[in-house]
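Heads up, the thing below is written out as C-alpha cells.
Chains as they are written, first to last, in this note's numbering: chain A, 37 to 375; chain B, 37 to 375.
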C-alpha cells in the first residue's frame with residue numbers, strides 16, 4: 037500500500053485524537069512514526085500504532101500526561117513523563133536538553149516513565165538540525181541475552197548519535213545493541229512483531245551466533261529464534277547494561293531489575309530515556325565547521341570500496357525517494373483503517 | 037616477568053622523569069599504564085612506554101605542556117592539551133568534566149591535541165569512584181575499515197562508560213569499535229604491536245569476517261591480517277565516525293581528514309578526546325542508588341548461564357589478583373630497563 041506521507045500522518049493523527057490525545061500530541065506522535073516508515077524502518081513506524089492503542093486501553097500510555105520537571109540545574113533536568121507516548125516525552129526531553137546546552141554548552145534531559153520511545157534517531161536528528169550534536173538512548177525491558185546468560189537479561193537498547201552536517205541532513209547513527217545480523221533480519225525491538233516474524237513464516241535461516249531459542253540454545257532457524265545475542269558479546273550487553281544505569285537508575289525507575297524479579301510493576305509497559313545535547317556553535321564557527329564536515333565526508337567517500345555511505349544516509353535517501361508516496365504493508369494499512 | 041606494581045610504576049616514572057617530565061606527570065602516566073597491565077590489558081600497558089619515548093624524541097609528545105582552557109561555560113570547557121601525554125591530558129579533562137558536573141549536573145571536557153590516550157577506562161573509573169557516571173571517547177588516525185571500504189577509514193576508537201557501583205568497584209565498559217573477535221586477538225589499536233603480532237608469529241588463524249589484508253581482501257590468516265573490520269559493520273564504523281565528529285571536529289583539530297588526505301600534519305602522532313560526567317547524587321540519594329545497583333547486579337547474576345560478569349568485573353578481578361605482583365612480558369621488561 038502506497039500513500040502520501042501527509043495522508044498517512046493524518047490517518048494516524050486521527051486514530052490518536054480518537055483516543056483523546058490532544059491534536060498537537062497526536063500530530064507529533066504520527067510524525068515520529070511516519071518518519072521511521074519514510075526512512076525504511078517500518079518496524080518502528082506506523083505498524084506500532086495498534087500496539088500504542090493497546091497501551092492506551094490498558095492504561096499504560098497516558099494520552100493526557102502532566103510532564104513534570106525536577107532536578108533543574110544549569111545543565112540538566114529530569115522530566116517525569118507521566119506515561120506519555122514516547123514521541124511526546126522524548127521530544128520534550130530533546131527540547132529541554134537543547135535549551136540547557138544553549139546556556140551551559142551541554143545539556144542533559146533524563147526522561148522517566150515514558151512508553152515506547154519509537155525511532156530514537158528522530159529526536160537526535162531534530163536537535164542536530166538546530167545545530168546540536170546529540171546522543172540519545174532508551175531503556176526498556178529484557179529482550180536480549182546478557183553476555184554469558186542463556187535468557188534475556190538486558191534490552192536491545194537503541195542508541196542514537198546525530199551530528200549537524202552543514203547543508204546536508206545531519207549525520208545520524210541509530211543502532212541497537214544486538215547482533216547486527218539479527219538486527220538486519222529483525223530490525224525491531226519487538227521480537228514478535230518485526231521482520232523476524234517474516235523470517236519465521238518464510239523459513240529463512242539466520243546467520244550463526246546471533247540468536248538463541250527460548251530454551252537458550254543457539255539456533256539458525258528463524259522459527260525457533262527467540263532471544264537475540266548482544267553485538268560483540270560483552271560489548272553489546274555492556275552497552276545495554278549502561279543504558280539501564282543511565283536512563284533507569286538515574287531516574288529511580290528501574291526496569292530490568294523489576295522484570296528480572298517479575299514484580300507486578302514489571303507487567304506494565306514502560307521505558308525511560310535520556311538525551312544529551314552539545315551546542316556545536318559554541319566550539320566551532322559555522323563556516324569552519326561546514327568545511328570540515330564536507331572534508332571528512334569527501335575523504336571517506338573517496339576510499340576504495342563498494343558504496344560508501346555516511347551514517348544515516350541510507351535512511352535520508354529512502355526518505356527523499358518516498359517524499360511523495362510512502363509504502364506500508366497492506367495489513368498495517370487495514371489495521372489503521374479499522375482503528 | 038613478575039614484579040610488584042609499585043616497582044613497575046617507579047621504573048616507568050623514572051623513564052619519563054629522565055625524559056624531563058615532571059615527577060607528578062611521570063607518576064600519573066606510569067599509574068595509568070600500570071593500571072592497564074594490572075587489569076590484564078597489556079596492549080595498553082607499559083609495553084607502550086618505548087612508543088611514548090619515541091613520541092617524545094620526535095617532538096610529538098610534549099613533556100612540559102601548557103594545557104590551556106577555553107570555551108568555558110557552566111557545563112563545558114575545551115582543553116588544548118599542547119601535545120601532553122594522553123594520561124595527563126585526559127585526567128585533566130576528567131577533573132574538569134567532574135567539576136562542571138558538580139555545579140551544572142553534567143559536564144563536558146573536550147580534549148584537543150593530546151597523544152595516545154592509553155586505557156580510557158582509567159579516566160571514567162576515576163570519575164565513577166568520585167560519584168559520577170562518565171563517558172569518554174578518543175579520536176585517532178585511521179586503523180579500521182570504514183563500512184563498505186577496503187582500506188582503513190576510521191579509528192578503532194575506544195569508548196568507555198563507567199557507573200558508580202556503591203561499595204564495589206565501578207561498573208566499567210571499555211570497548212573498541214572494531215570486531216570483537218579481532219579485538220580479542222588484537223586487543224590493541226596499534227596493529228603492529230599488539231597480540232596480532234603474536235598471532236602472526238604463531239600462525240594462529242583468525243575468525244572469519246573480522247579483518248582484511250593490506251590489499252583489502254578478507255582473510256583469516258594472521259600473517260596477512262592488516263585492517264580490522266568494524267563491529268557490526270555500519271554500527272562500528274558509525275561509532276568511529278561520530279567519535280571523530282565529537283572529539284576532533286568540535287575541537288577544530290581534524291585527524292581523519294588530514295590522514296586521508298595525507299597532509300604533512302597527519303604524519304605526526306596526535307589524538308583528541310572527550311569526557312562527559314554526570315553527577316549521580318544530584319538525581320538519586322546514595323542509599324537508594326546503592327540498593328538499586330545491587331538489585332540489578334543480583335538479578336543479572338541469577339540468570340541461567342555460564343559465568344555472568346558485570347561490565348569491568350573481569351578486569352577488577354584480575355587487578356585484585358595482581359595486587360602484589362603484576363606480570364609483564366620479559367621482552368617488555370628488558371626494553372624498560374634499557375630505557
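Here a beta-carbon is modelled for each residue, glycine too, at the ideal position from N, C-alpha and C.
Three-state secondary structure (DSSP) of residue i
| i | result |
| --- | --- |
| residue 183 of chain B | coil |
| residue 116 of chain B | strand |
| residue 214 of chain B | strand |
| residue 247 of chain B | strand |
| residue 41 of chain B | helix |
| residue 201 of chain B | strand |
| residue 220 of chain A | Legend: pLDDT at residue 220 of chain A = 42, less than 50; position of this residue unreliable, value from coordinates given subsequently. Residue state, collapsed to three classes: helix. |
| residue 241 of chain A | strand |
| residue 327 of chain B | helix |
| residue 48 of chain B | helix |
| residue 361 of chain A | coil |
| residue 190 of chain A | strand |
| residue 384 of chain A | Outside the displayed range of chain A (37 to 375) lies residue 384 of chain A, so it cannot be described from this structure. |
| residue 209 of chain B | strand |
| residue 348 of chain B | coil |
| residue 341 of chain B | strand |
For residue j and residue i, the rounded distance between their alpha carbons
| i | j | result |
| --- | --- | --- |
| residue 345 of chain A | residue 325 of chain B | 42 angstroms |
| residue 243 of chain B | residue 180 of chain B | 16 angstroms |
| residue 163 of chain B | residue 51 of chain A | 47 angstroms |
| residue 267 of chain B | residue 280 of chain A | 22 angstroms |
| residue 332 of chain B | residue 137 of chain B | 25 angstroms |
| residue 211 of chain A | residue 356 of chain A | 21 angstroms |
| residue 353 of chain B | residue 38 of chain A | 57 angstroms |
| residue 371 of chain B | residue 127 of chain B | 26 angstroms |
| residue 299 of chain B | residue 44 of chain B | 38 angstroms |
| residue 257 of chain A | residue 186 of chain B | 32 angstroms |
| residue 194 of chain B | residue 282 of chain B | 13 angstroms |
| residue 120 of chain B | residue 71 of chain A | 45 angstroms |
| residue 336 of chain A | residue 342 of chain A | 12 angstroms |
| residue 225 of chain B | residue 79 of chain A | Low confidence applies to residue 225 of chain B: its pLDDT is 29, below 50, so where it sits in the model is not reliable, and the reading given next is rough at best. Distance between the alpha carbons of residue 225 of chain B and residue 79 of chain A is about 36 angstroms. |
| residue 66 of chain B | residue 48 of chain B | 5 angstroms |
| residue 176 of chain B | residue 285 of chain B | 12 angstroms |
| residue 301 of chain A | residue 375 of chain A | 28 angstroms |
| residue 158 of chain B | residue 248 of chain B | 31 angstroms |
| residue 203 of chain B | residue 330 of chain B | 10 angstroms |
| residue 53 of chain B | residue 308 of chain B | 24 angstroms |
| residue 339 of chain A | residue 303 of chain A | 50 angstroms |
| residue 254 of chain A | residue 182 of chain A | 14 angstroms |
| residue 364 of chain B | residue 93 of chain B | 25 angstroms |
| residue 313 of chain A | residue 320 of chain A | 15 angstroms |
| residue 359 of chain A | residue 293 of chain B | 33 angstroms |
Burial state of residue i, where buried means 16 or more other Cβ atoms lie within 10 Å
| i | result |
| --- | --- |
| residue 295 of chain A | buried |
| residue 60 of chain A | exposed |
| residue 131 of chain A | buried |
| residue 429 of chain A | Residue 429 of chain A cannot be examined here, being either before or after the span of chain A that is shown, 37 to 375. |
| residue 73 of chain A | buried |
| residue 287 of chain B | buried |
| residue 95 of chain B | exposed |
| residue 271 of chain A | buried |
| residue 123 of chain B | buried |
Cβ pair residue i, residue j closer than 8 angstroms
| i | j | result |
| --- | --- | --- |
| residue 97 of chain B | residue 107 of chain B | no |
| residue 152 of chain B | residue 56 of chain B | no |
| residue 64 of chain B | residue 81 of chain B | no |
| residue 382 of chain B | residue 156 of chain B | What the structure shows of chain B is the stretch from 37 to 375, and residue 382 of chain B is not part of that stretch, so it cannot be assessed. |
| residue 103 of chain A | residue 133 of chain A | no |
| residue 190 of chain B | residue 273 of chain B | yes |
| residue 275 of chain B | residue 246 of chain B | no |
| residue 200 of chain A | residue 316 of chain A | yes |
| residue 171 of chain A | residue 160 of chain A | yes |
| residue 147 of chain A | residue 310 of chain A | yes |
| residue 111 of chain B | residue 140 of chain B | yes |
| residue 91 of chain B | residue 347 of chain A | no |
| residue 207 of chain B | residue 196 of chain B | no |
| residue 318 of chain A | residue 109 of chain B | yes |
Q) Can you list the beta strand (DSSP E) stretches of 3 or more residues lying completely in the segment 258-315 of chain A, in chain order? A) For the segment 258-315 of chain A, whole beta strand (DSSP E) runs of length 3 or above, ordered along the chain, are 261-264, 307-315.
Q: Mind listing, in chain order, the continuous alpha helix (DSSP H) runs of no fewer than 4 residues lying wholly within the segment 138-186 of chain B?
A: Runs found: 156-165.
(Q) At 4 residues or longer, what runs of the alpha helix (DSSP H) sit wholly inside the segment 65-140 of chain A? (A) 85-94, 122-140
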